[in-house]
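Student:
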Amino acid sequence: MTRTEPGQPLVTLDGARKSFGAIRALDAVTLTIDRGECLALVGHNGAGKSTLVNLINGALAPSGGTVSYGLPDGQVVTGGGGMRAAGIRAVHQELSLCPNLTVLENLRIPQRDLTGRGWRALAAARIGQALDRIFPGHGIHPRAVVGDLTLAERQMVEIAIGFAEGAIAPRLVILDEPTSSLDASIARQLLTHIRAFCAAGGAVIFISHMMGEVFDVASRIVVMKDGRITGDRPTVEFTRETLVAAMGHVAPGAASARAAPQDSATILTTPEGLTARKGEIVGLAGLAGHGQAAALARFYLGRTSDWRQSDPPAAVFVAGDRARDGLMPLWSIRLNTSLARLPGLVRRGLVDRRAEAELAETWKARIGIRSDDLTNPILSLSGGNQQKVLFARALATAAPVVVMDDPMRGVDVGTKTQVYAMIRTEAEAGRTFLWYSTETDEILLCDRVFVFRNGTIVAELTGDGITEAAILAHSFDQRETA
Amino acid sequence: MKTLLARPWIWAWVAAALAFALTAAISQNQGAWGLAVAALTFSAFSVIVGLGQMFVITLGPGNVDLSIPATMTLAGTVSLKVMDGGAGAEVTGLAIALAIGAGVGLTNYLLILLIRIPPIIATLAASFLYQSLAIWSNRGLRVKPPESLAEFAVGRSLGLPNLALLALVLSVLAWVALNRAAYGRQISAIGQNPRAARLSGLPVEAVRLATYMLCAVLAGLCGFLLSCFSGGAALNMGQEYLLASIAVVVIGGSSIGGGRSNVPGIWAGALFLFLIVSMLNSYGLGAGVRLLMTGLIIIAIVAVGSRGPRGT
């Protein structure tokens, strides 16, 4: 331990390396994070962002190099133990709350000092204050069971736990894809809070695939590629184009011009009032948790049966909540890819394993799944690559309707652009897409948009009427604000 | 390719081989071959019900069929009564046993689906019904099986017990269904994540129904064979197969949480269960100690097996 003046960095990585077997996830990374900084960490899926974060928060030990922390009293400690004392908190990309516990009980898991009589009241106060401060008007009760909350509310709770007061105040909060299931207005509240937190001397590491947010909130941007830091400059020195180029991808052009709405037949209508024509991309917009996911699930379950599997299916489903709705955790990448296509792969009662392997290889190439060997377990892939497998599973079928439940969570910009193009091609070939998204950029790609509020459709937008302003205007109850 | 040591069933086979060696080493009156034949014969019954239970357990947490003993008893008593010891009715008797199995499986499934009670309760409660039906139809009679069937059940072909050969054929079919057919994929997917399975388009309820019926049909067949083998049906004849059907699955390295099962382990588990009792017997241990040891050894095997490599 050494003593330095209080102006020292919160975290210093010096030549930190991390290998998993033969794979070098992080290669000699040197990085310091000072108080008051909001550092954005960008890069493609598998670039090493999560590994870097796990070294900083002590979840992984470096294979080489050091990670040291500056404590509030001016001491500097090296090694994983310093993380808690230094006030470093991490909010993970994969939601990690215990669904069977209440909100305040989930706060108790990281905050070990909440013991003895009356700890629940103290916990409720801490988490309630944090929620009120970050997300005014959130409507989440500290005694609510997490399993009853929507995905967006869970993410809000998780973020609030990261910023909540405790025995050791938060000094550096790591946010990994914090806005992936938040709608635009809630995400804005979070960004406002991050700015206030940094202005008060705190620091934030912000990982996001959303360029707008990165430029909005970050004071400094660190670009990662293949386990190395390839760029580390103040935000003002980047533009969207130079940043995307630094990440190693061509800048995605303006959203491809929408084909004029075709005069094809309406092939589906739902009780809520959703309609779609053949070959149309239909967006479900509005604030998160206002009935879009439920409408999609009802539609999908109504079109398919518990008793018969038709080939091709009448509809396929792309899950956004991967662990809950999509992944088969014991299986390989290959088996996960072929699942929905299974009836078409059966020859004389048995699965044609050669055809199955070919199918998986074809989709690996088409959608760019990053793995040497498709017989590896699905859980060996990063989150974004798992999501690609779920896309491949759905698109590999010949289903006329593809239902997508906010499927781009945790997917990097390059892949997104690729998948958008694929969706466009498939739509032109006559497939219909029902697409619920919390990202406005994605809704703007649709041919027809239905805005949801409180479980019902309040607006239908088409063509040039699909604008961010129109969507936002319909998402909020006008009478309330008037 | 995975190495042999990474197979989930390898430890059950090691344990079975060890039990065999220890028993054969000290049994003077019957040679190793005699022991092997006895082990194969008696294991055949556990294997047949174990295969059915394996499919049910693969369906995931909470799925288990506790009505196997009652189904065996009902199928055994009714089919023997119908055949009434005479020649010429063998096929009818077998058909009745299998039909009873199918009926039981359908009933179990309907209870689970319509009344929405957990399978463990549904099958246990229903087994009282099946057992009562067996008592009612039997009324203390002890009917002998037809001569031809009795001979088949205790006979050998190619030097091996007929029952073991039959169980082997069924095991091969089960292996194909589990590892090569779409059905095996479906039950594994449902066992890992029923919600995701449904959202991937699998006919979840049809697969569940088929699985509970398959399990009960195998139990019916086993009851039929067991009553032919032991010269008549008895009301308690299925009793020991309640534990055995589950134990052979778990000892064999299949995941008790569902989703991942294997057939070779069923054989290892069945042989091990028989041999461990023989071993303790031949070492002259009393019934109490024997039961205690059996329990402890099963726990140890399961503990070792579940920590071993699982081909992640």
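Note that the protein sequences, when read in sequence, are chains A and B. Read left to right, the first sequence gives residues 543 to 1024 (the numbering used here). Read left to right, the second sequence gives residues 2 to 313 (the numbering used here). We treat Cβ as the ideally placed atom computed from N, Cα and C, and that holds for glycine. It should be emphasised that the depicted structure is a prediction, and the values quoted were computed from it without experimental measurement.
1. Name the DSSP bridge partner or partners of A:Cys580?
2. Is there a Cβ of chain B sitting closer than 8 Å to that of A:Gly868, yes or no?
3. Would you call the segment 890-905 of chain A and the segment 970-982 of chain A touching, i.e. three or more CB-CB distances under 8 Å?
4. Please classify A:Ala963: is it buried, with 16 or more other beta-carbons within 10 angstroms of its beta-carbon, or exposed?
5. Would a check of beta-carbon distances place A:Leu838 closer than 8 Å to chain B?
6. Note the first and the last residue of the continuous beta strand (DSSP E) segment covering A:Arg990.
7. Of all the options A:Arg866, A:Gly681 and A:Val746, which has the alpha carbon lying nearest to the alpha carbon of A:Arg762?
8. Considering A:Thr620, what are the terminal residues of the beta strand (DSSP E) in which it resides?
9. What did DSSP end up calling A:Leu602 once you bin it into helix, strand or coil?
10. Using 8 Å as the cut-off, can you tell me whether the segment 621-631 of chain A makes contact with the segment 657-664 of chain A, which would need three or more C-beta pairs spanning the two stretches below that distance?
11. Using the three-state DSSP reduction, which class does A:Leu826 fall into: helix, strand or coil?
12. For A:Thr644, write down the residues that DSSP places opposite it in a beta bridge.
13. Could you round the C-beta distance between A:Thr721 and A:Glu755 to whole angstroms and report it? I think they count as a contact, below 8 Å.
14. For B:Gly63, decide whether its Cβ has a neighbour in chain A, counting only Cβ atoms nearer than 8 Å.
15. Just checking: is the beta-carbon of B:Thr313 within a distance shorter than 8 Å of some beta-carbon in chain A?
16. Could you check what DSSP says for A:Met752 in three-state terms: helix, strand or coil?
17. Distance check for A:Leu987 and A:Ala797, CA to CA, integer angstroms please.
18. Does any residue of chain A bring its CB to less than 8 Å from the CB of B:Leu200?
19. DSSP three-state call for A:Met870: helix, strand or coil?
20. Would you say A:Gly891 reaches chain D, if we count a Cβ-Cβ gap shorter than 8 Å as a contact?
21. Between A:Phe859 and chain B, is the shortest Cβ-Cβ distance under 8 Å, so that the two count as touching?
22. For A:Tyr611, name the three-state secondary structure that DSSP assigns.
23. Measuring CB to CB, does A:Glu719 end up less than 8 Å from A:Gly952?
24. In terms of residues, what are the limits of the alpha helix (DSSP H) holding A:Tyr962?
25. Less than 8 Å between the C-beta atoms of A:Gln960 and A:Gly926, yes or no?
26. Classify B:Pro162 as helix, strand or coil using the three-state DSSP reduction.
27. What did DSSP end up calling B:Leu274 once you bin it into helix, strand or coil?
28. Rounded to a whole number of angstroms, what is the C-alpha to C-alpha distance between A:Val943 and A:Ala861?
29. Relative to the C-alpha of A:Leu714, which residue among A:Glu700, A:Ser727 and A:Phe739 is closest?
30. In angstroms, rounded to a whole number, what distance separates the CA positions of B:Ser68 and A:Thr644?
31. Please confirm whether A:His751 and A:Asp954 have their CB atoms less than 8 Å apart.
32. Which residues in chain B sit within 8 Å of A:Tyr842, going by Cβ to Cβ distance?
33. Here's the rule I'm using: 16 or more other beta-carbon atoms within 10 Å means buried, otherwise exposed. How should B:Arg186 be labelled?
34. Using alpha carbons as the reference points, say which of B:Gly160, B:Val251, B:Val278 and B:Met280 lies closest to B:Gln54.
35. Whose CA, out of A:Leu937, A:Thr967, A:Ala940 and A:Leu932, lies closest to the CA of A:Met950?
36. Whole angstroms is fine: what's the gap from B:Leu99's alpha carbon to B:Met238's?
Tutor: Judging by the given coordinates:
1. In the DSSP output, where bridge partners are listed per residue, A:Cys580 has A:Val746.
2. Yes, A:Gly868 counts as interfacial toward chain B.
3. Contact fails: fewer than three Cβ-Cβ distances are below 8 Å.
4. With fewer than 16 Cβ atoms within 10 Å of its Cβ, A:Ala963 is classed as exposed.
5. With a threshold of 8 Å between beta carbons, A:Leu838 makes no contact with chain B.
6. For A:Arg990, the uninterrupted beta strand (DSSP E) segment begins and ends at Arg990 to Arg995.
7. The residue among A:Arg866, A:Gly681 and A:Val746 with its C-alpha nearest the C-alpha of A:Arg762 is A:Val746.
8. Its beta strand (DSSP E) spans residues Gln617 to Thr620.
9. In the three-state reduction of the DSSP assignment, A:Leu602 falls in the coil class.
10. Three or more Cβ pairs closer than 8 Å define a contact, and the segment 621-631 of chain A falls short of that threshold against the segment 657-664 of chain A.
11. Correct three-state label for A:Leu826: strand.
12. According to DSSP, which records beta bridges pairwise, A:Thr644 is partnered with A:Val687.
13. Confirmed, about 6 Å.
14. Chain A contact via Cβ: absent.
15. With a pLDDT of only 33 at B:Thr313, under 50, the local geometry of the prediction cannot be trusted, and the value read off the model is given with reservation. Yes, contact with chain A.
16. Looking at A:Met752 - three-state DSSP - the assignment turns out to be coil, as it is neither helix nor strand.
17. Because the pLDDT at A:Ala797 is just 45, under 50, the model does not fix this residue reliably, and the value given afterwards should be weighed accordingly. Their backbone Cα atoms lie some 7 Å apart in a straight line.
18. Interface annotation, B:Leu200: in contact with chain A, CB-CB separation under 8 Å.
19. Here A:Met870 carries a coil assignment [DSSP, helix/strand/coil].
20. The chain labelled as chain D is not found among the protein chains of the depicted structure, namely A and B.
21. It does: the Cβ of A:Phe859 has a partner Cβ on chain B nearer than 8 Å.
22. Correct three-state label for A:Tyr611: strand.
23. In contact: A:Glu719 and A:Gly952 (Cβ atoms closer than 8 Å).
24. Its alpha helix (DSSP H) spans residues Val955 to Glu970.
25. Cβ atoms of A:Gln960 and A:Gly926: not closer than 8 Å.
26. Here B:Pro162 sits in strand by DSSP.
27. Here B:Leu274 sits in helix by DSSP.
28. Answer to the nearest angstrom: the Cα atoms are 14 Å apart.
29. The shortest C-alpha separation from A:Leu714 is found at A:Phe739.
30. The alpha-carbon separation between B:Ser68 and A:Thr644 amounts to approximately 38 Å.
31. Yes.
32. Simply Leu200.
33. Burial is judged here by how many other beta carbons sit within 10 angstroms of a residue's own beta carbon; B:Arg186 has at least 16 and is buried.
34. Ranking B:Gly160, B:Val251, B:Val278 and B:Met280 by CA distance to the CA of B:Gln54 puts B:Val251 first.
35. Of the residues A:Leu937, A:Thr967, A:Ala940 and A:Leu932, the one whose Cα lies closest to the Cα of A:Met950 is A:Leu932.
36. Using only the alpha carbons, I get a separation of about 17 Å.
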